Amino acid sequence: MENEKIEKLVTEAEETRLIEAAKLHAESVEGKEMKGEELMKKAIQSVTQTVPVPEQAEPNSIQNPLTDYTAQEPEEVKRKIEDLLQIAATDGIVRATEAAKHASPFILDAFHDALAAKVYPYLREKGLFK
1 MENEKIEKLV TEAEETRLIE AAKLHAESVE GKEMKGEELM KKAIQSVTQT
51 VPVPEQAEPN SIQNPLTDYT AQEPEEVKRK IEDLLQIAAT DGIVRATEAA
101 KHASPFILDA FHDALAAKVY PYLREKGLFK
């Protein structure tokens, strides 16, 4: 069930771009120090800055998407991050990131962290990311 949600969250084209971006980051001086979710977060950031907005995907819902450090934040902040993840599931990562850019830097960063926490294990399980 969880993989089905992630499959809806990341299109095949986005998946390919994320893997390529992660490889590029891993080869960079800065990236050699990064592992796992941190590398995926950087890949998401670079892909969402350079990719045209895709067509709308099928609706989906992400459950319990928040990272540990957001647990102590006000409900409004948590709700905004969850809303952004829902946008990613329905409209794609690029559109969700565009919406997140209009929020605070904290929300943008927390959104990237939550997204990376969901996408990285999925891609690793598929054998597409080490």
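In terms of my numbering, the sequence shown has 60 at position 60, counting the first letter as 1, and numbering is strictly consecutive.
In this text, a Cβ means the ideal position worked out from N, Cα and C, and glycines have one as well.
For clarity, every value in this text was computed on a predicted model and none was experimentally measured.
Residue i in three-state terms, based on DSSP
{"i": "MET34", "result": "coil"}
{"i": "PRO142", "result": "In the structure displayed, the chain extends from 1 to 130; residue 142 sits before or after that span and is not available."}
{"i": "GLU14", "result": "helix"}
{"i": "SER28", "result": "coil"}
{"i": "LYS78", "result": "helix"}
{"i": "ALA22", "result": "helix"}
{"i": "LYS42", "result": "helix"}
{"i": "ALA114", "result": "helix"}
{"i": "PRO52", "result": "The predicted model places PRO52 with a pLDDT of 47, which falls under 50 and marks its position as unreliable; any figure quoted below should be read in that light. Residue state, collapsed to three classes: coil."}
Residue i classed as buried or exposed, judged by whether at least 16 other C-beta atoms fall within 10 angstroms
{"i": "GLU82", "result": "buried"}
{"i": "LEU85", "result": "buried"}
{"i": "GLU37", "result": "buried"}
{"i": "HIS102", "result": "exposed"}
{"i": "ARG17", "result": "buried"}
{"i": "LYS126", "result": "exposed"}
{"i": "ASP113", "result": "buried"}
{"i": "GLU15", "result": "buried"}
{"i": "ALA71", "result": "exposed"}
{"i": "TYR69", "result": "exposed"}
{"i": "LEU39", "result": "buried"}
{"i": "LYS80", "result": "buried"}
Can we say the region 20-31 touches the region 95-106, given the rule of at least three CB pairs closer than 8 Å? Verdict: no, contact absent.
Counting only runs that start and end within the region 80-112, where is the alpha helix (DSSP H) found for 4 or more residues in a row? 93-100
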